[in-house]
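For the sequence shown, the positions run 49 to 188 when my numbering is used.
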Amino acid sequence: MFKRILLAGDGSAHSLRACEKAVYLAKQTEGSSITLIHVVDDIPSRSDVMDEEMKLRDIPDHRKQRVFPLQEMIHKETVPLTGKHTFGDPGPTIVREANDGNYDVVVIGSRGLNQFQQMVLGSVSHKVAKRASCPVLLVK
């Protein structure tokens with residue numbers, strides 16, 4: 049039923065449960081694969097923006113390590129996995145990937161690591177559920 053699954057993960061307990069559900073969905077349909085998107089919400093400093101020779105930054109390894117448990121869970125279940133680590137505003141970045149990537153479903157935890165931002169700006173999962181053009185599975 050769902051062959052192309054987009055899993056949004058940040059390493060939180062909710063994203064681990066979302067990963068379990070994504071693996072379950074993938075195992076129900078032969079040929080399914082999971083793309084794990086990890087969005088690092090990191091705004092460049094003013095000096096970075098003013099620097100004429102500003103270079104693209106790589107995601108630091110300590111940030112990537114947050115989603116290693118999700119990657120290990122998927123590999124353990126022998127589900128094909130593609131990983132994407134990117135900087136940006138998590139909600140719009142996940143929605144853009146979901147809509148541009150022609151996914152069958154987005155699986156996302158109902159809460160992430162940044163509780164303050166969820167209270168002030170609205171939750172990432174809510175933004176994804178409202179704006180993604182494919183079905184969205186919110187996992188508590």
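Every residue, glycine too, gets a C-beta built ideally from N, C-alpha and C.
Check                                                                                                  : Outcome
Stretch-stretch touch, CB-based, cutoff 8 Å, three pairs: the stretch 118-131 with the stretch 143-150 : no
Beta-carbon proximity check, V214 vs A177, cutoff 9 Å                                                  : No answer is possible for residue 214: it lies beyond the span of the chain, which begins at 49 and ends at 188.
Residue from R144, S173, P140, V115 whose Cα sits closest to the Cα of V155                            : S173
Selected residue, minimal CA-CA separation from G136, among D58, K51, M49                              : D58
Beta-carbon gap between L54 and E125 smaller than 9 Å                                                  : no
Close beta carbons around T83, own chain, < 6 Å, minus the five adjacent residues each side            : L54, T130
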